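*Asks:*
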Amino acid sequence: MVDDETIRAILTVAARAPSGTNMQPWRVYVTKGEVKQRITDAILNSGIRAEKAEWDEYRYYPDQFFEPYLTRRRANGFGLYSVLGIGRREVDRMRAQHDRNFVFFDAPVGMIFTVDRRLNKGSWIDYGMFLQNIMVAARGRGLHTCPQAAFAPYHKQIRPVLNIPDEEIVVCGMALGHEDTSKPENEFRTDRAPLEEWVTFAK
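So the sequence shown is numbered by the working numbering: it starts at 36 and just counts up by one.
Spelled out as structure tokens, the structure:
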């Protein structure tokens with residue numbers, strides 16, 4: 036379990052993130068127990084598979100991947116499925132693993148993040164700093180997190196559960212809890228491209 040006092044402390048620290056003219060564009064819905072389960076049920080009972088989900092509020096990924104992003108994405112997917120023992124043709128097992136997003140990977144706390152749709156791209160940049168602050172603050176308290184864009188296309192299922200106003204866009208979710216070291220996916224570590232690929236020292 037993660038008590039409310041700890042969650043409040045994490046969010047309070049995270050909210051020190053910088054934002055343009057201090058607008059602080061974040062809105063957070065913290066769920067546990069029955070409410071969290073209602074989100075899970077609403078999504079999994081919708082009958083909408085991940086590949087059919089509508090990214091109608093915003094597009095996280097490009098319509099068509101290109102290099103170097105395609106290679107990096109494939110390495111990430113193949114690497115994760117490898118530690119899970121899932122073969123490249125085992126579509127049903129891939130779907131089942133993806134669906135674990137919607138139980139927040141069994142974490143006791145599930146957070147849903149929204150932003151006012153009237154705000155512009157700059158506020159989304161600010162939002163990223165806020166989200167990372169949550170993850171860093173959680174680690175400082177012995178907890179782990181998993182940010183989850185997978186919730187965004189299911190905003191129609193999530194809205195009525197949390198009474199999210201129409202003017203708010205569901206940005207993502209995040210699982211918060213203690214790491215389960217028995218899960219092989221928690222052993223997976225992604226690579227990072229060397230500086231030479233993405234840094235230019237202008238002269």
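Just so it is clear, CB atoms sit at the ideal spot from N, CA and C, and this is done for glycine as well. Bear in mind the structure is a predicted one, so any value in this text is a computation, not a measurement.
Since residue 204 and residue 92 should fall inside the 8 Å C-beta cutoff, what is the C-beta to C-beta distance between them, to a whole number of angstroms?
*Replies:* Position 169 of the sequence shown holds residue 204. Position 57 of the sequence shown holds residue 92. Correct: roughly 5 Å between the Cβ atoms.
*Asks:* Give the range of the beta strand (DSSP E) segment to which residue 211 is assigned.
*Replies:* Taking the first residue of the sequence shown as position 1, residue 211 is located at position 176. Residues 203-212.
*Asks:* Go ahead and label residue 150 buried or exposed: buried means 16 or more other beta carbons lie within 10 angstroms of its beta carbon, across all protein chains shown.
*Replies:* Against the sequence shown, residue 150 aligns to sequence position 115. It is buried - the Cβ of residue 150 has at least 16 other Cβ atoms within 10 Å.
*Asks:* The beta strand (DSSP E) with residue 148 in it runs from where to where?
*Replies:* Counting from one through the sequence shown, the residue named residue 148 turns up at place 113. Looking at the DSSP string, the run of the beta strand (DSSP E) that includes residue 148 is 144-151.
*Asks:* In terms of residue numbering, what span does the beta strand (DSSP E) encompassing residue 65 cover?
*Replies:* Indexing the sequence shown from 1 puts residue 65 at position 30. From DSSP, the beta strand (DSSP E) with residue 65 extends over 62-66.
*Asks:* Taking 7 Å as the cut-off, decide whether the C-beta atoms of residue 49 and residue 142 are in contact.
*Replies:* Indexing the sequence shown from 1 puts residue 49 at position 14. Indexing the sequence shown from 1 puts residue 142 at position 107. Against a cut-off of 7 Å, the Cβ pair of residue 142 and residue 49 comes out as no contact.
*Asks:* When DSSP labels each residue in this structure, what does residue 180 get in the three-state scheme?
*Replies:* Residue mapping note: residue 180 aligns to position 145 of the sequence shown, counting from 1. Strand at residue 180.
*Asks:* By the DSSP assignment, the alpha helix (DSSP H) with residue 105 in it spans what residues?
*Replies:* As a position in the sequence shown, residue 105 is number 70, starting the count at 1. Start and end: 104-119.
*Asks:* Note down, in chain order, each residue of its chain lying with its Cβ closer than 8 Å to the Cβ of residue 193, except the 5 sequence neighbours on either side.
*Replies:* Here residue 193 corresponds to residue number 158 of the sequence shown, with the count starting at 1. Closer than 8 Å at the Cβ level, and outside the excluded window around residue 193, lie 74, 77, 78, 147, 186, 199 and 205.
*Asks:* For the alpha helix (DSSP H) holding residue 235, just list the boundary residues, first then last.
*Replies:* Against the sequence shown, residue 235 aligns to sequence position 200. Neither: residue 235 is in no alpha helix (DSSP H) and is coded neither H nor E.
*Asks:* Under a three-way DSSP split, which group does residue 122 fall into?
*Replies:* Counted from its first residue, the sequence shown places residue 122 at position 87. Looking at residue 122 - three-state DSSP - the assignment turns out to be coil, as it is neither helix nor strand.
*Asks:* Is residue 37 closer than 7 Å to residue 144 when the C-beta atoms are compared?
*Replies:* Sequence index remark: in the sequence shown, residue 144 carries index 109 (1-based). Sequence index remark: in the sequence shown, residue 37 carries index 2 (1-based). Contact flag set, yes.
*Asks:* How big is the Cα-Cα spacing for residue 166 and residue 207?
*Replies:* Position 131 of the sequence shown holds residue 166. Position 172 of the sequence shown holds residue 207. About 10 Å.
*Asks:* Taking the CB atoms as reference points, tell me whether residue 52 and residue 168 lie closer together than 7 Å.
*Replies:* Along the sequence shown, read from residue 1 onward, the residue named residue 52 stands at position 17. Along the sequence shown, read from residue 1 onward, the residue named residue 168 stands at position 133. Yes. Within cutoff.
*Asks:* Are the beta-carbon atoms belonging to residue 223 and residue 105 less than 7 Å from one another?
*Replies:* Position 188 of the sequence shown, counted from the start, is the residue given in the question as residue 223. Position 70 of the sequence shown, counted from the start, is the residue given in the question as residue 105. No. Outside cutoff.
*Asks:* Suppose contacts are defined by Cβ-Cβ distances below 7 Å. Is residue 119 in contact with residue 220 by that definition?
*Replies:* For the purposes of this step, residue 119 is taken as the residue at position 84 of the sequence shown. For the purposes of this step, residue 220 is taken as the residue at position 185 of the sequence shown. Cβ atoms of residue 119 and residue 220: closer than 7 Å.
*Asks:* Would you call the CB atoms of residue 245 and residue 225 closer than 7 Å?
*Replies:* An answer regarding residue 245 cannot be provided, because it is not within the stretch 36 to 238 covered by the chain.
*Asks:* Helix, strand or coil: how does DSSP classify residue 164 here?
*Replies:* Numbered from its first residue, the sequence shown carries residue 164 at position 129. Residue state, collapsed to three classes: helix.
*Asks:* Which term fits residue 61, buried or exposed, when burial requires 16 or more other beta carbons within 10 angstroms of its beta carbon?
*Replies:* Residue numbering aside, residue 61 sits at position 26 when the sequence shown is read from its first letter. So residue 61 ends up on the buried side.
*Asks:* For residue 48, does the three-state DSSP call read helix, strand or coil?
*Replies:* Taking the sequence shown and counting its residues from 1, one reaches residue 48 at position 13. Reduced to three states, the DSSP call for residue 48 is helix.
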